[in-house]
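Single-structure report; data block below.
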Amino acid sequence: MSKYLVNKFLFTVDRDTALTERYREDPVGTVTWWEAEEANRILSCIDAERSTWLSFTDEERQALATHDHVALFELGAHPFLTLTLWIAMFERDWDEPLGMQLDYAARLAHVTQPYPDISC
Amino acid sequence: MAKLVAILATTHHPFYYRTSQLPAEDAPPFAADWVRKVEAYRETLTRAQPDVLVMVGSDHFHQLWLDNMPQFLVGKAPYYDGNWENEIREFGMPKLFFQGHEELSAYMLREGIDRGFDLAFSHELRVDHSITCPIFTVRPQNDLPIVPIYTNIFAPPLPRPERFVQLGKTIREIIDAWPSEMRVAVIGTGHLSLELGGPRQFGAHGPDPEFDAQAVEWIKNGDIDGVLGGVTLDSLHAPGNATHGFMDFMLMMGIAGYAKADYADNLDLFHTMEAYFTWYPDPSLVPGLPLTSKGALLG
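In order, the protein sequences belong to chains S and Z. This note's numbering numbers the first residue of the first sequence as 1 and each following residue consecutively. This note's numbering numbers the first residue of the second sequence as 1 and each following residue consecutively.
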């Protein structure tokens, strides 16, 4: 499990408009590039101080590469990060107010409490 | 000593700003009532005539991140920028610029550490909507210096509810002891029941109206023992997966002590229950007659 790294992906993609668009249009390519080039970058450090050990599990990589917010929820990704990025990417595809958010919730309707642990 | 003239505890709803700016013909049906209630609430701060605002909120993964996460943090900077690009994108809020109050920040940090809270600090902080929303609602002229205080209600492991109440009590002691003639107001924002990114999000009401009704009772009655007996870190998952923001209300109850609120109001909106509370620790410091609640309280 590398919930921290999944959250780091969601966090860094959400805050970068160009990257948000790139992930919307090419999820497989973006996830592959990000894991290879960005996953080990400590956000407040220069490139020479990269970490050496971070990678996704197959399940996490698959969930991100298929825009599968239900799987991300079940894996314990931070729900605020996933929601915020999904609003940025997909709200535009819905005509009615909150249409995306309500569909997002409906796809999670099978979830019962307690929800998956979001501790990293 | 400084004068603590008002304590405000309120929800922060990031869609208020955009809703309040809409022309009447474009506004949703709930907008007029919402604006009316917020403007009435604003008056509770205005009449206290504060000189400086201590503002309690919580960063939503904007500047604070999981590689270096403080539990409680005090801003100590001469200025603060406010709002982030992804908040502007999602909520339509403009960026803001604040003057800081470094003397009070420094005092808060020194005294807080000496009184048992090893507070983190920041000399360069862009505050997010947990701080800027109450500026839009209760001080839109944004003319007062601020001291931002961030709490972690977001990234587990979180401090327990008792710790939030205790920090509130400590903040109260610090402000009461501050050797200054300034009039201080504290504004803190949090949530009642709330779900974000889960199956109960964006419903017709908050995810747990029963919790919301009970929470309003606890807060307006200053029932610290009741709220500490009624919630735990674990139990706060049940009303909604983002309900730990309620602990910021508990912090504000710690500042107010066991006092009943002088003003209490709420508004049932889609997605969340809005709630607005004000205490005047020393009514003689506030010009005019004591306020009686103008609100349509639950129950």
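Yeah, the Cβ is synthetic: ideal placement off N, Cα and C, and Gly gets one too. Please read these numbers as outputs of a predicted model, since none were measured by experiment.
DSSP places residue 250(Z) inside the alpha helix (DSSP H), whose first and last residues are 246-256. Using a Cβ-Cβ cut-off of 8 Å, residue 118(S) is close to 156 of chain Z, given in chain order.
Bounds of the beta strand (DSSP E) holding residue 279(Z) are 272-279.
The beta carbons of residue 77(S) and residue 55(S) sit no closer together than 8 Å. When only Cα atoms are considered, residue 107(Z) and residue 101(S) end up about 43 Å apart. The beta-carbon separation of residue 10(S) and residue 75(S), rounded to 12 Å, does not stay under the 8 Å limit for a contact.
Cβ contact annotation for residue 109(Z) (same chain, cutoff 6 Å, sequence separation greater than five): 74, 119, 121, in chain order.
Within the same chain, 101, 104, 144, 145, 146, 147, 182, 183, 184, 185 come within 8 Å of residue 52(Z) by CB-CB distance, once the 5 residues on both sides are set aside.
Taking 8 Å as the CB threshold, residue 27(S) stays off the interface with chain Z. Contacts between residue 196(Z) and chain S, judged by CB atoms closer than 9 Å, involve 79, 80, 83, 84 in chain order. The three-state secondary structure of residue 80(Z), taken from DSSP, is strand.
With respect to residue 48(Z), residue 5(Z) sits close: the two C-beta atoms are nearer than 8 Å. When C-alpha distances from residue 173(Z) are compared across 276(Z), 14(Z), 117(Z), the shortest belongs to 117(Z). Taking 8 Å as the upper bound on Cβ-Cβ separation, chain Z lies near residues 4, 7, 8, 11, 14, 15, 17 of the stretch 3-18 of chain S. At least one C-beta of chain Z is nearer than 8 Å to the C-beta of residue 115(S). Secondary structure at residue 267(Z): strand, using DSSP grouped into helix, strand and coil. Residue 37(S) sits exposed, since fewer than 16 C-beta atoms from the chains shown fall within 10 Å of its C-beta. A distance of 8 Å or more separates the beta carbons of residue 167(Z) and residue 57(Z).
For residue 87(S), the neighbours in chain Z by C-beta distance under 8 Å run, in chain order, 90. The continuous alpha helix (DSSP H) containing residue 104(Z) extends over residues 102-114. With contacts defined by Cβ atoms closer than 8 Å, residue 274(Z) and residue 60(Z) do not form a contacting pair. Listed in chain order, the non-local C-beta contacts of residue 1(Z) below 8 Å within the same chain comprise 176, 177, 178, 179, 180, local neighbours out to five positions each way being set aside.
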